Amino acid sequence: MMYLIFFAALFLLLYGLLLIPMEKRSRVKKRVQVLLDERDKPAPFSPEEKDKKESFQKRVLLPLWMRAKKGLAKRMPGKQMDKLDKLLMQAGNPFGMTGTDFRISQFVFLIAMPVLSVGYGMLLEFPSNQLVLFFVVGLGIGLLIPRYYLTAKIKQRKKQATLELPDFVDLLLVSLEAGLGFDLALSKVIGKQDGVLAKEFRRCLEELRLGRSRREALTGLRDRLEVDELSTFINNVLRAEKLGVGMVQVLRILTVDMRDQRRQKAEETAMKAPIKILFPLVLFIFPSLFIVILGPVAIQLYNDFMK
Numbered sequence: 038m039m040y041l042i043f044f045a046a047l048f049l050l051l052y053g054l055l056l057i058p059m060e061k062r063s064r065v066k067k068r069v070q071v072l073l074d075e076r077d078k079p080a081p082f083s084p085e086e087k088d089k090k091e092s093f094q095k096r097v098l099l100p101l102w103m104r105a106k107k108g109l110a111k112r113m114p115g116k117q118m119d120k121l122d123k124l125l126m127q128a129g130n131p132f133g134m135t136g137t138d139f140r141i142s143q144f145v146f147l148i149a150m151p152v153l154s155v156g157y158g159m160l161l162e163f164p165s166n167q168l169v170l171f172f173v174v175g176l177g178i179g180l181l182i183p184r185y186y187l188t189a190k191i192k193q194r195k196k197q198a199t200l201e202l203p204d205f206v207d208l209l210l211v212s213l214e215a216g217l218g219f220d221l222a223l224s225k226v227i228g229k230q231d232g233v234l235a236k237e238f239r240r241c242l243e244e245l246r247l248g249r250s251r252r253e254a255l256t257g258l259r260d261r262l263e264v265d266e267l268s269t270f271i272n273n274v275l276r277a278e279k280l281g282v283g284m285v286q287v288l289r290i291l292t293v294d295m296r297d298q299r300r301q302k303a304e305e306t307a308m309k310a311p312i313k314i315l316f317p318l319v320l321f322i323f324p325s326l327f328i329v330i331l332g333p334v335a336i337q338l339y340n341d342f343m344k
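End of the sequence shown = 344 in our numbering, gap-free, step of one.
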């Protein structure tokens, strides 16, 4: 057994000594190949050749688009632009739009919708007086669609944030009770969830890493999502940090209040349901029932009177 181990060790030693020069040769070959590849690379394009290689969109359309955006941004009032940027921020910056992009989209809809409406009316061969009506309807749709989309997006994000907040605060409370700090607990909760609140708090943590204070980051989040429950949560967190109160105690009380508010909203919605059901009943279901039940009787009475 000892001889076997000795010969195996001797064989591995010789094999290792043979590998050293082979490895050096392979490294030299790789370096030479890299140098040859760099030598065989085509020379970089000159500015004129580079312009010819780029597409028409990058050479012509994109610079025109950027120039138009800059010109429109300069002409728009500052307060109006700030207000529009805030609305887009509350909507989650759909399609990565800025205030200038949204204004341009409004202008495009304002032109495109009347043209499409009139073109549709002409295809259907409507008279000219009705084409004017098509033009007015298209103009109204072009005015309303961008603003309606923005308002609907803001309402959707607020509703989703309100639904996500109680569970989010519960997970944050559990993480804090486990001994984690507020920032680390927030990072753990964000890693487990995906939604409006997770994205916004992820942005908040990125701002903290870039050097902003916690108060500034949380205040910016409160401005991006104007939800009453979230504002209460952020105000309590900032107040607890300022006064030195334990964050766990504050969040424990806050979770109970949020659960109570959620239950009260559910009860309120349930109490509104009978009133909302009344209108479809009166307009659609009751007439159908009357026709089915009283229809044969009315026909029989009509035939009897005709005799």
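Glycine is no exception: its CB is placed at the ideal position from the N, C-alpha and C atoms.
Given the structure is predicted, the values throughout are model-derived calculations rather than measurements.
How would you call G175, buried or exposed, if buried means at least 16 neighbouring beta carbons within 10 angstroms?
-> The Cβ neighbour count for G175, taken over all protein chains shown within 10 Å, is at least 16; the residue is labelled buried.
Please look up how many angstroms separate the CB atoms of K195 and L288, rounded, as I've assumed it's under 8 Å.
-> That pair is no contact at about 22 Å.
Since A307 is in the alpha helix (DSSP H), which residue starts that stretch and which ends it?
-> Membership of A307 in the alpha helix (DSSP H) is indicated by the continuous run 284–317.
Taking 8 Å as the threshold, find out whether the segment 237–244 comes into contact with the segment 253–270 through three or more Cβ pairs.
-> Segments in contact, yes.
Return helix, strand or coil for A215, following the three-state DSSP convention.
-> The answer is coil: DSSP assigns A215 none of H, G, I, E or B.
Reduced DSSP secondary structure (H/G/I, E/B, other) of S63 | Helix.
8 Å Cβ cutoff met for L213 and K225 | No, the pair does not count as a contact, with Cβ atoms beyond the cut-off.
Nearest to R104 (by Cα), restricted to the options I141, K302, Q70 = Taking each of I141, K302, Q70 in turn and checking the Cα distance to R104, the smallest one comes out for I141.
Can you tell which of V155, L200, Q197, G283 has its C-alpha closest to the C-alpha of G179?
-> It is V155.
For the ligand FAD, any of its heavy atoms closer than 7 Å to the Cβ of R300?
-> The ligand FAD is not among the ligands present in this structure, which contains no ligands whatsoever.
Who are the near neighbours of A149 in its chain, counting only those whose CB is closer than 8 Å to its CB and skipping five residues on each side?
-> Residues of the same chain with a CB within less than 8 Å of the CB of A149, apart from the 5 flanking positions on each side, are G179 in chain order.
Pick helix, strand or coil for A222, following the three-state DSSP scheme.
-> Collapsing the DSSP output to three states places A222 in a helix.
Can F30 and G158 be called in contact, C-beta distance under 8 Å?
-> Only positions 38 to 344 of the chain appear in the structure, and residue 30 is not among them; the question remains open.
Are the Cβ atoms of E201 and L223 separated by less than 8 Å?
-> The answer is no: Cβ separation not under 8 Å.
Candidates L168, G232, E304: which alpha carbon is nearest Q197's?
-> Of the residues L168, G232, E304, the one whose Cα lies closest to the Cα of Q197 is G232.
Under 8 Å between C-beta atoms of K67 and P131 = No, the Cβ-Cβ distance between K67 and P131 is not below 8 Å.
Could you give the uninterrupted runs of the alpha helix (DSSP H) lying entirely in the segment 247–287, keeping only those of 4 residues or more?
-> 251–261, 265–280, all fully within the segment 247–287.
State the start and end residues of the unbroken alpha helix (DSSP H) segment that holds A335.
-> That run of the alpha helix (DSSP H) goes 323–343.
Range covered by the alpha helix (DSSP H) that runs through P151 = Where P151 is concerned, the enclosing alpha helix (DSSP H) stretches over 136–160.
Any idea if A307 is buried or exposed, counting beta-carbon neighbours within 10 angstroms, 16 or more meaning buried?
-> By the neighbour-count rule (16 or more Cβ atoms within 10 Å), A307 is not buried but exposed.
In angstroms, rounded to a whole number, what distance separates the CA positions of Y185 and L160?
-> Cα to Cα, the separation comes out at about 28 Å.
Looking at the structure shown, is G129 part of a helix, part of a strand, or coil, going by DSSP?
-> It is coil, neither helix nor strand.
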